[in-house]
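Each residue of the sequence shown is one higher than the last, beginning at 1 in the UniProt record's numbering. Glycine included, C-beta positions come from ideal geometry on N, C-alpha and C.
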Amino acid sequence: MMATPPLLFNGTPSNMYPCHQVTTGRRHAYLLHMFRITTTPEKPTKPLRIEEIPVVCDYPDVFPDELPGMPPKREVEFRIDLIPGTFVSIAPYRLSRPFQEELRKQLDDLLSKKLIRRSVSPWRVVLFTKKKDGSWRMCIDYRGLNAVTIKNKYPLPRIDELFDRLKGARVFSKIDLQSGYNQIPVREEDIEKTAFATMYGHYEFRVMSFGLTNAPPYFMETMNNMLHKFDQFVVVFIDDILIFSKTEKEHEQHLMMVLQTLRDNKFYAKLKKCEFWLSKVSFLGHVINEKGISVDPSKVSAVVEWEIPSNVKEVRSFLGMAGYYRRFVKDFSIIAKPLSMLTHKNVKFVWTNECETSFRVLKKKLVSAPVLALPEPGKRFTIYSDASRVGLGCVLMQEGKVIAYASRQLRKHEENYPTHDLEWKRINEGRVGDFTLDDSGAIRFRGRLCVHTKAQVKEDILREAHRSRYMVPPGENIMYLRFKEKYWWKRMKIDVAKYVASCGVCHRVKIEHKPPLWPWDDIAMDFVVGLPRTPKGKDAIWVVVDRLSKVAHFIPYRSTNSASDSAPIYVREIVRLHGGSWEDHLPLVEFAYNNSYHASIKCAPFEALYGRKCRSPLCWDAVGEKSVLGPDWVQKTSERVAEIR
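Have a look at this one:
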């Protein structure tokens, strides 16, 4: 094909070339001109020199050019626990010549650092993904292994909760660990499970590798164990560490403490991926400064440039990407409804005008998304909500500044609600009330701690309140009264009732006719009397029967024995054989009794005696000396005693 000369612009050759090829679109053919436009590249920024960065210059060993080798043993050791009886093996994929050379280079590098070793175990497949800096990251196709791995349930933090802690911060530093996963060793017996095959042989990882399903939670647990003591000025998400401070003087101390901790634990960062002493920082797809939080333009551009979806999978991908920034878009769910409808089961994919409008409006809203204020602890929140025939929406505000937008589409049964019912629904959904944020970032409703209804912590609280070794299992009413003082969540009373109803211990105690679950959990007793008196003065038999196994003990007995006479006989003949370690648990039984709610005095005996609640795993608020010894304590105790009388 003959080369086409460039077009002239004001008599000067340009970088534009005409193209006379006819290209077919969806419905019509167009004669197009294709342009190649080049711009003058930006002047490269001067690379960071560690000697020029305050505080950081004192920690050059934390920022090596390469990892020094095998990491030390960590507090949390990476494990790969498999479902029993499973096995995975996959033949290697074919790699292009450039990838073969890249593979050889990375294998040599990993072998020299002793991060991998040769293997003879079952293998996986090598893949490559591109990094931000243009280099290639070697990954292993662990999909087969992941499918049979027992999942680690350690929770990753909610990103919005991390951002809520940044209120008032003016100085930021961001540290990115160097090949963070490779700084966690694998448990020796699990190393063979990481094996992979290449044209150069079999290898296995001695450190955590990308692609393993449990790698993120294990890494998150390691980072939390190391940095949780700096919770007031550090947020961590996987291998990204953000340090935030109100003043430069504070930041100097904060930065020093974090870098010293990394040094002590032999964790290493990559200097060219770190940023220090910033007034504005990009973190997890958002831009944060002292004014608030906004979307990161470099991340939103991927949504803005998204082509019109041609199938349901592409619609889901678009909604997932756009939905990450839904807190910035007022009525997001309502705008996105035409697109959401396409993802429903048994709905034919038809791209309508409504879908096109929804698609374009969402992209436009993300480009013009506002800066949201960060919530300030201790100040009152205001919720403005509204309802329509499409969905419910609300705005969370504090002192006239928008904190977040929230919305959801109407459910199928709600679409038939009359208007006034929808208005009540949006009030219930918004739950307007006295919400505050305490210094730890926790939300409180009228002083009570708000618990997310879908969070694991809710189950932990229910279990601790009902099955703790420090408490007598309460009924649903007593348990709800106890909860009402400390916690709040939607439908709490119903959840408490369901939990108590499902308690096996309560069923065993309250329902007599059910068979015991263990020998000598439940017994039956009877006496055989009127027998001839023996030389030892016995004239009766005390029969003790295990209700489960029907095993019986026959004990010689005097019919004149009192209860005090019978107790030592019972301990000697029955408890000695079947009683277990009841004596060891007696202090806990006493503690549980004295700290359980009594309906007759409307409090626990401990509270009635001392005028305050006793510390327990469920109630661990700090109790100062003043509250224990001051005049308020005397007055409160006197009032409680008078009330009981």
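Taking the continuous beta strand (DSSP E) assigned at residue i, which residues delimit it?
| i | result |
| --- | --- |
| residue 537 | Run containing residue 537: none; DSSP gives neither H nor E here. |
| residue 98 | Looking at the DSSP string, residue 98 is not in any beta strand (DSSP E); the run it does join, the alpha helix (DSSP H), is 97-112. |
| residue 286 | 286-289 |
| residue 141 | 136-141 |
| residue 175 | 171-176 |
| residue 283 | 281-283 |
Mind checking who residue i pairs with in its DSSP beta bridge?
| i | result |
| --- | --- |
| residue 201 | 198 |
| residue 559 | For residue 559, which the question treats as bridged, DSSP gives no partner whatsoever. |
| residue 466 | Residue 466 is not bridged to any residue. |
| residue 549 | The partner list for residue 549 (beta bridge, DSSP) is empty, contrary to what the question assumes. |
| residue 487 | 449 |
| residue 656 | Limits of the chain in this structure are 1 at one end and 645 at the other, which puts residue 656 out of reach. |
| residue 268 | BP columns for residue 268 are empty, so no partner. |
| residue 292 | 289 |
| residue 660 | As shown, the chain starts at 1 and ends at 645. That puts residue 660 outside it, with no answer to give. |
| residue 240 | 176, 237 |
| residue 524 | 545 |
| residue 149 | 82 |
| residue 383 | 396 |
| residue 603 | 598 |
| residue 372 | 293 |
| residue 278 | 172 |
| residue 301 | The partner list for residue 301 (beta bridge, DSSP) is empty, contrary to what the question assumes. |
| residue 245 | 171 |
With respect to the alpha helix (DSSP H) encompassing residue i, which residues constitute its N-terminal and C-terminal limits?
| i | result |
| --- | --- |
| residue 190 | That residue, residue 190, is in no alpha helix (DSSP H); it is neither H nor E in DSSP. |
| residue 220 | 215-227 |
| residue 359 | 353-367 |
| residue 531 | Segment: none, residue 531 is in no alpha helix (DSSP H) and carries neither H nor E. |
| residue 327 | No alpha helix (DSSP H) contains residue 327, which DSSP labels as neither H nor E. |
| residue 497 | 492-501 |
| residue 340 | 337-342 |
By a C-beta neighbour count over all protein chains shown, 10 Å radius and 16 as the cutoff for buried, is residue i buried or exposed?
| i | result |
| --- | --- |
| residue 80 | buried |
| residue 335 | buried |
| residue 223 | buried |
| residue 567 | exposed |
| residue 463 | exposed |
| residue 466 | buried |
| residue 518 | exposed |
| residue 269 | buried |
| residue 56 | buried |
| residue 111 | exposed |
| residue 560 | exposed |
| residue 74 | buried |
| residue 228 | exposed |
| residue 483 | buried |
| residue 298 | exposed |
| residue 534 | exposed |
Output needed for residue i: all residues of its chain with C-beta closer than 6 Å, excluding positions within five of it in sequence on either side, in chain order.
| i | result |
| --- | --- |
| residue 221 | 76, 154 |
| residue 495 | none |
| residue 262 | 62 |
| residue 549 | 519 |
Excluding the 5 residues flanking residue i on each side, which residues of the same chain have their C-beta closer than 7 Å to its C-beta?
| i | result |
| --- | --- |
| residue 614 | 595, 606 |
| residue 558 | 537, 538, 539, 540 |
| residue 101 | none |
| residue 685 | An answer regarding residue 685 cannot be provided, because it is not within the stretch 1 to 645 covered by the chain. |
| residue 419 | Confidence at residue 419 is low in this model, with a pLDDT of 49, below 50, so its placement is unreliable and no value can be given for it. |
| residue 341 | 347 |
| residue 71 | 183, 184, 185, 207, 266 |
In chain order, what residues of the same chain have a beta carbon less than 8 Å from the beta carbon of residue i, not counting five sequence neighbours either side?
| i | result |
| --- | --- |
| residue 181 | 207, 208, 209, 210, 215, 219, 239 |
| residue 308 | 351, 356, 359 |
| residue 217 | 152, 153, 154, 155, 156 |
| residue 201 | 118 |
Less than 7 Å between the CB of residue i and some heavy atom of the ligand ZN, yes or no?
| i | result |
| --- | --- |
| residue 501 | Absence of the ligand ZN is noted for the structure shown, with no ligands found whatsoever. |
Next on the checklist: Taking contact to mean 3 or more Cβ pairs, one atom from each stretch, closer than 8 Å, check whether the region 442-449 and the region 483-494 are in contact.
Outcome noted: yes
Item to check | Segment contact, 8 Å Cβ cut-off, at least three pairs: the region 207-221 with the region 135-153 | outcome: yes
Item to check | Meets three-Cβ-pair contact criterion under 8 Å: the region 185-194 and the region 272-285 | outcome: no
Checklist entry - Is it a yes or a no for the region 392-407 touching the region 314-333, going by three-plus beta-carbon pairs under 8 Å? => result yes
Next on the checklist: For the structure I just gave you, are there three or more beta carbon pairs, one from the region 141-153 and one from the region 265-278, closer than 8 Å?
Outcome noted: The region 141-153 vs the region 265-278: no contact.
Checklist entry - Does the region 289-299 come close enough to the region 158-172 to have 3 or more Cβ pairs within less than 8 Å? => result yes
Checklist entry - Below 8 Å, can you find three or more Cβ-Cβ pairs linking the region 367-377 to the region 310-321? => result no
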